[in-house]
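**Q** Protein chains in written order, with this note's numbering: chain F, 1 to 110; chain B, 111 to 223.
Glycine is no exception: its CB is placed at the ideal position from the N, C-alpha and C atoms.
Structure below; questions to follow.
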């Protein structure tokens, strides 16, 4: 599996933007970059995904480096409900093994 | 939005007993997964399933584990003889195509006593 590396934890203030980084230097050409988050006592929840171009949806934006070896999840205005563990994972087009890393615990301060 | 449904939400069993965890994936999805998460630890891949067969399995998924899609709608995980270390939250997920987003169920908390 291509591995991802994320900081263990990050902190933000409410209503401020948050940039969550992910390194994936061994990414292959067919790997999609996915982000999920997990709130306490819940299953992982899809946030966003992309292949090469930057992506925006109602939850977040995904900025992908030109060489695809890193990406950044951007929450434009953090809310208390965004406090969660955020996982960056790589998914092959074949959709077989998906490996979660340690993730980043995001704390949002009021 | 469509949901993946898992039952039961909690399961308590004695060590050595068989358990079956049930999942109803989203109806037009083709790829199915089981994951587990031991309390305080990361989410671990168990198995992926496509076209009525296992695509890939992890080291955790030994001979005590099996999966089945018996009727085209349910997707089950069976543990033949549970161990204490099988206590975890088990998540089912499904995906329409291999590069699209995964939908996760809310999990079954398995406690082995």
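How far does the beta strand (DSSP E) with residue 203 of chain B in it reach, from first residue to last?
**A** Your numbering for residue 203 of chain B matches position 93 in the second chain. Looking at the DSSP string, the run of the beta strand (DSSP E) that includes residue 203 of chain B is 198-205.
**Q** Short check: CB of residue 17 of chain F to CB of residue 75 of chain F, under 8 angstroms?
**A** Position 17 of the first chain, counting from 1, holds the residue named residue 17 of chain F. Position 75 of the first chain, counting from 1, holds the residue named residue 75 of chain F. Against a cut-off of 8 angstroms, the Cβ pair of residue 75 of chain F and residue 17 of chain F comes out as a contact.
**Q** At a Cβ cut of 8 angstroms, what residues of the stretch 58-91 of chain F count as close to chain B, listed as they run along the chain?
**A** Residues 87 and 91.
**Q** May I ask you to list the residues that DSSP assigns as paired with residue 5 of chain F?
**A** The residue you call residue 5 of chain F lines up with position 5 of the first chain. In DSSP, residue 5 of chain F forms a bridge with F:23.
**Q** Is there a Cβ of chain F sitting closer than 8 angstroms to that of residue 166 of chain B, yes or no?
**A** Here residue 166 of chain B is taken as the residue at index 56 of the second chain, counted from 1. So yes, residue 166 of chain B belongs to the interface.
**Q** Around the C-beta of residue 156 of chain B, are 16 or more other C-beta atoms found within 10 angstroms, so that it is buried, or is it exposed?
**A** Position 46 of the second chain holds residue 156 of chain B. Result: buried.
**Q** Using a Cβ-Cβ cutoff of 8 angstroms, what residues of the stretch 34-47 of chain F are near chain B? List them in chain order.
**A** Here the close residues are 34, 36, 38, 42, 43, 44, 45 and 46.
**Q** Give the DSSP-derived three-state secondary structure of residue 92 of chain F in the structure shown.
**A** The residue labelled residue 92 of chain F in the question sits at position 92 within the first chain. Looking at residue 92 of chain F - three-state DSSP - the assignment turns out to be coil, as it is neither helix nor strand.
**Q** Where does residue 39 of chain F land, buried or exposed, given buried means 16+ other C-beta within 10 angstroms?
**A** Residue mapping note: residue 39 of chain F aligns to position 39 of the first chain, counting from 1. Burial call: exposed.
**Q** Where does the unbroken beta strand (DSSP E) through residue 166 of chain B begin, and where does it stop?
**A** Translated into positions along the second chain, residue 166 of chain B becomes position 56. Where residue 166 of chain B is concerned, the enclosing beta strand (DSSP E) stretches over 163-167.
**Q** In whole angstroms, what separates the C-alpha of residue 193 of chain B from that of residue 176 of chain B?
**A** The residue you call residue 193 of chain B lines up with position 83 of the second chain. The residue you call residue 176 of chain B lines up with position 66 of the second chain. Their Cα atoms are separated by approximately 15 angstroms.
**Q** In terms of residue numbering, what span does the beta strand (DSSP E) encompassing residue 63 of chain F cover?
**A** If you number the first chain from 1, residue 63 of chain F lands on position 63. Counting along the chain, the beta strand (DSSP E) containing residue 63 of chain F begins and ends at 61-64.
**Q** Could you tell me how far apart the beta carbons of residue 102 of chain F and residue 6 of chain F are, in whole angstroms, since I believe they sit closer than 8 angstroms?
**A** The residue you call residue 102 of chain F lines up with position 102 of the first chain. The residue you call residue 6 of chain F lines up with position 6 of the first chain. Yes, residue 102 of chain F and residue 6 of chain F are in contact; Cβ-Cβ is about 7 angstroms, under 8 angstroms.
**Q** For residue 204 of chain B, return the contacting residues in chain F, with the cut-off set at a CB-CB distance below 9 angstroms.
**A** The residue you call residue 204 of chain B lines up with position 94 of the second chain. In chain order: nothing, as chain F lies at least about 10 angstroms away.
**Q** For residue 106 of chain F, count neighbouring C-beta atoms within 10 Å of its own C-beta (all shown protein chains included) and say buried if the count is 16 or more, exposed if not.
**A** Working through the first chain from its first residue, we reach residue 106 of chain F at position 106. Buried.
**Q** Is residue 78 of chain B helix, strand or coil by DSSP?
**A** Summary: the structure shown does not reach residue 78 of chain B, with chain B confined to residues 111 through 223, and so no result is reported for it.
**Q** Straight-line CA distance for residue 217 of chain B to residue 203 of chain B?
**A** For the purposes of this step, residue 217 of chain B is identified with residue 107 of the second chain, where counting begins at 1. For the purposes of this step, residue 203 of chain B is identified with residue 93 of the second chain, where counting begins at 1. Distance between the alpha carbons of residue 217 of chain B and residue 203 of chain B is about 10 angstroms.
**Q** For residue 130 of chain B, I'd like the list of residues in its chain whose CB is within less than 6 angstroms of its CB, leaving aside the five on either flank, ordered along the chain.
**A** What you label residue 130 of chain B is simply residue 20 of the second chain in a count that begins at 1. Same-chain partners within the cutoff: 186 and 188.
**Q** If you measure between the beta carbons of residue 132 of chain B and residue 209 of chain B, is that distance less than 8 angstroms?
**A** The residue labelled residue 132 of chain B in the question sits at position 22 within the second chain. The residue labelled residue 209 of chain B in the question sits at position 99 within the second chain. The answer is no: Cβ separation not under 8 angstroms.
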